[in-house]
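Protein chains: 2
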Amino acid sequence: MVKLVVTYGAPDDPPAFDQHYASTHVPLVEKIPNLRRFEAGKVLGTPDGSPAPFYFMAELWFDSAQDLEAAMGSAEGQAAGADVGNFATGGATLMIAEA
Amino acid sequence: MVKLVVTYGAPDDPPAFDQHYASTHVPLVEKIPNLRRFEAGKVLGTPDGSPAPFYFMAELWFDSAQDLEAAMGSAEGQAAGADVGNFATGGATLMIAEA
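Those protein sequences? They're chains A and B, same order as listed.
One gets the numbering used here by counting positions in the first sequence from 1 and adding 1 to each.
One gets the numbering used here by counting positions in the second sequence from 1 and adding 1 to each.
Structure representation (structure tokens):
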């Protein structure tokens, strides 16, 4: 499997981020085709107490890189991706990893 | 649940990293008490083709923050943590996130 990992920097308005993420973004992600597993949540801290590098993290698992690519190119994937600009005021970094 | 997320920067000697990770580090991680799920793999790239921010990524899931803390404080957790210095020549960043 492979996963798309999205890390979000600290937003300008955390409650607004949280509200948009839960009520608008999650439903868009859940419509993405080929999605096998979805996990998202706040970064709580670091083991040594140093500042956490991100505010929030999401992961989307797919059976293969081909499935991930097709998902991101789909209308649903494009809609979810476009929505990121609506709430990720602290930026979003995406990477693809083996899973 | 919560997860410990470990991101590794590009090592000086990738084959040596891979070999040590698979043959030594994975067995140490698998001995950590309370561990519910473990996933580790290479960062393959980014959706837009920009350079990947990390070389490798691992995640360890636990039922609760208390379980994670106990696991990291255990002899097995300490042994796995100490081993990171033996292969993570590109550095390792740890964070704890909701899962």
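Glycine is no exception: its CB is placed at the ideal position from the N, C-alpha and C atoms.
Does the CB of residue i have a neighbour CB from chain B at under 7 Å?
i	result
Ile97/A	yes
Thr47/A	yes
What is the residue span of the alpha helix (DSSP H) that residue i lies within?
i	result
Leu69/A	Ala66 to Gly74
Leu29/B	Val27 to Glu31
Kindly say whether residue i, judged by its beta-carbon, lies nearer than 7 Å to any beta-carbon of chain A.
i	result
Pro15/B	no
Pro107/B	Residue 107/B lies beyond the stretch modelled for chain B, which goes from 2 to 100, so this question has no answer here.
Ala100/B	yes
Does DSSP put residue i in a helix, in a strand, or in coil?
i	result
Lys11/A	Lys is not the amino acid found at residue 11/A; the sequence shown has Ala there. Reduced to three states, the DSSP call for Ala11/A is coil.
Gly50/B	coil
Report the partner residues of residue i according to the DSSP bridge assignment.
i	result
Phe55/B	Phe55/B is not bridged to any residue.
Gly42/B	Met58/B
Thr94/A	Thr8/A
Val85/B	Bridge partners of Val85/B: none, in fact.
TODO: With 7 Å as the limit, tell me which residues of the segment 14 to 45 of chain B have their beta carbon closer than that to any beta carbon of chain A; keep them in chain order.
DONE: Correct list: Glu40, Gly42, Lys43, Val44 and Leu45.
Task: Interface positions of the segment 64 to 85 of chain B facing chain A (Cβ-Cβ less than 8 Å), listed along the chain - done: Within the segment 64 to 85 of chain B, the qualifying residues are Ala66 and Met73.
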